[in-house]
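Here's the structure, in structure tokens; my notes come after.
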Amino acid sequence: MGSEAIKYKEFEIWYNRFSRGEFDLDYDIRSEPKTRDFCQLPTCVIEKVLEKLCYIEQLTVRKVCRDIKSVVDSMRCSLKSIEMTWHSDYIECRFDDQLVVYSRTKYIRYNVDNVIRVFDKDYGKLALQDWKFPMRNRKLRLDFLKIECKEPNNRMKKEKKVKKLIEIFRELIGALESIGSRVHVEKLQIDTFRPDFNDVEYILNCFQPGYLKSIAIPGFYLKREELNVERPTSPAPGVEPSEAHERAKTNYRRACFLKDDIYEITELEQWKEAEELHLKYNWDYFYDEDLIHFKRFHFTDCILDRERLIHLREIFSESTNFELCTITSPNFQTCSEYLESFCEKVESGEEVIYRFKILEDSRKILEFKLDYNQRKIIISKKSL
Numbered sequence: 001m002g003s004e005a006i007k008y009k010e011f012e013i014w015y016n017r018f019s020r021g022e023f024d025l026d027y028d029i030r031s032e033p034k035t036r037d038f039c040q041l042p043t044c045v046i047e048k049v050l051e052k053l054c055y056i057e058q059l060t061v062r063k064v065c066r067d068i069k070s071v072v073d074s075m076r077c078s079l080k081s082i083e084m085t086w087h088s089d090y091i092e093c094r095f096d097d098q099l100v101v102y103s104r105t106k107y108i109r110y111n112v113d114n115v116i117r118v119f120d121k122d123y124g125k126l127a128l129q130d131w132k133f134p135m136r137n138r139k140l141r142l143d144f145l146k147i148e149c150k151e152p153n154n155r156m157k158k159e160k161k162v163k164k165l166i167e168i169f170r171e172l173i174g175a176l177e178s179i180g181s182r183v184h185v186e187k188l189q190i191d192t193f194r195p196d197f198n199d200v201e202y203i204l205n206c207f208q209p210g211y212l213k214s215i216a217i218p219g220f221y222l223k224r225e226e227l228n229v230e231r232p233t234s235p236a237p238g239v240e241p242s243e244a245h246e247r248a249k250t251n252y253r254r255a256c257f258l259k260d261d262i263y264e265i266t267e268l269e270q271w272k273e274a275e276e277l278h279l280k281y282n283w284d285y286f287y288d289e290d291l292i293h294f295k296r297f298h299f300t301d302c303i304l305d306r307e308r309l310i311h312l313r314e315i316f317s318e319s320t321n322f323e324l325c326t327i328t329s330p331n332f333q334t335c336s337e338y339l340e341s342f343c344e345k346v347e348s349g350e351e352v353i354y355r356f357k358i359l360e361d362s363r364k365i366l367e368f369k370l371d372y373n374q375r376k377i378i379i380s381k382k383s384l
């Protein structure tokens with residue numbers, strides 16, 4: 001302290017000498033061999049060392065000094081997977097295999113060994129900062145990014161749940177837009193208890209078109225019939241509109257808004273250049289021409305009937321890109337009956353397979369395989 005203070009390097013030399021029993025105070029410390037600080041090593045050497053650390057360790061080392069912070073920020077990020085899950089009173093972020101849990105209080109318990117806990121009254125802000133930090137690195141190339149919002153507990157009123165969800169997505173979208181450049185992600189998964197097409201559009205637009213190959217969007221309980229609504233005829237002059245007419249007007253306006261929102265998504269380059277699509281509950285609220293460019297489809301929890309299977313047959317028969325589609329369905333057991341009405345059943349050991357010839361003079365077929373173990377249909381295009 002004060003005028004008597006010595007540099008840490010000098011202190012370290014004297015401390016080591018005294019520890020060895022060398023008490024000669026006339027010793028000239030300038031004769032000590034020179035050693036370099038870690039930060040004085042060549043940048044390429046520092047990078048080699050830091051590359052051996054996991055992402056969380058790199059975050060910790062980054063706080064040591066400005067020089068190391070600069071090196072960490074300029075490195076190609078080693079992360080391959082980021083998952084964020086919002087709960088009503090805490091947030092989970094998984095960076096590769098490292099789980100970090102952010103919360104205001106400590107009462108939330110985890111029976112997991114490899115977990116880091118962060119407690120703060122502004123835990124949401126901290127979680128977003130850590131979540132978006134690696135995405136600010138323009139060298140980042142993620143294999144997988146997941147954004148999930150769990151439904152709050154039942155004690156919370158519906159209006160409050162919706163308000164909370166709106167706040168969450170506003171903060172998420174704000175964080176993504178603040179990055180300043182589009183993020184390179186190969187597979188994007190969005191899941192929420194109350195999906196909104198506008199949120200999906202804003203999030204998709206934050207990722208690099210072409211690099212984004214797979215899109216998984218949340219499940220919309222929506223059917224094509226709800227969009228194909230005709231504008232109701234206005235009542236004659238002087239005639240009071242009926243309740244049925246007012247309902248028809250409301251349904252028509254809703255259909256127009258939904259179609260506009262869906263159109264905004266399907267016009268994005270991110271959508272047009274993706275190759276794989278994951279949907280839940282339904283697919284036909286999208287027009288066929290907005291689906292036909294995808295190579296692979298994965299539909300879950302879809303109620304199927306003969307007409308809907310024929311609809312898929314038509315889309316996949318016309319597509320020149322189609323490779324594979326998997327479907328899980330609550331009424332899986334009845335699908336064989338529907339397929340038999342327009343396909344040829346093929347005996348193939350324990351497997352149940354149906355084939356549909358795309359053109360009479362072509363060797364191309366659609367194959368429908370029923371997997372009774374996983375209760376799903378696997379559709380693929382093949383050549384005989």
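Its first residue numbered 1, the sequence shown is counted upward by one per residue in the UniProt record's numbering.
Where a beta carbon is used, it is the ideal one built from N, C-alpha and C, also for glycine.
None of these values were measured; they are calculated from a predicted model.
Please classify residue i as buried or exposed, where buried requires at least 16 other C-beta atoms within 10 Å of its C-beta.
i, result
"F342", "exposed"
"Q58", "buried"
"V183", "buried"
"residue 386", "Because the chain here runs from 1 to 384, residue 386 falls outside it and cannot be looked at."
"S362", "exposed"
"M135", "buried"
"M84", "buried"
"L25", "exposed"
"Y107", "exposed"
"P195", "buried"
"T192", "buried"
"I262", "buried"
Measuring only the C-alpha atoms, how far is residue i from residue j?
i, j, result
"G180", "R170", "16 Å"
"L279", "V352", "25 Å"
"T326", "L268", "25 Å"
"K163", "K357", "51 Å"
"C302", "L227", "18 Å"
"I379", "W131", "37 Å"
"P218", "I68", "40 Å"
"E367", "I315", "14 Å"
"L359", "H293", "20 Å"
"K139", "Q270", "19 Å"
"R231", "Y252", "6 Å"
Quick test of your reading: residue i and residue j, contact by CB under 8 Å. State the CB separation rounded to the nearest angstrom.
i, j, result
"E273", "P209", "5 Å"
"E201", "E289", "That pair is no contact at about 18 Å."
"K187", "K213", "7 Å"
"K295", "E323", "5 Å"
"Y285", "L222", "5 Å"
"K150", "Q189", "Rounded, the Cβ-Cβ distance is 14 Å, inconsistent with contact."
"I215", "L277", "6 Å"
"I91", "A127", "4 Å"
"L370", "I377", "6 Å"
Which residues does DSSP pair with residue i in a beta bridge?
i, result
"S214", "K187, E276"
"F368", "Y354, I379"
"E83", "R94, K146"
query: What are the uninterrupted segments assigned as beta strand (DSSP E) that are 3 or more residues long and contained completely in the segment 279-361, given in chain order?
result: 296-300, 324-328, 344-348, 351-357
task: Run through the segment 171-206 for me and flag every whole beta strand (DSSP E) of 3 or more residues, listed as ranges in chain order.
output: 185-192
message: Quick check for students: name the residue ranges of the alpha helix (DSSP H) that lie wholly in the segment 89-175, counting only runs of 4 or more.
response: 123-132
task: Could you pull out every unbroken beta strand (DSSP E) segment of at least 3 residues lying fully inside the segment 224-263, listed in chain order?
output: none
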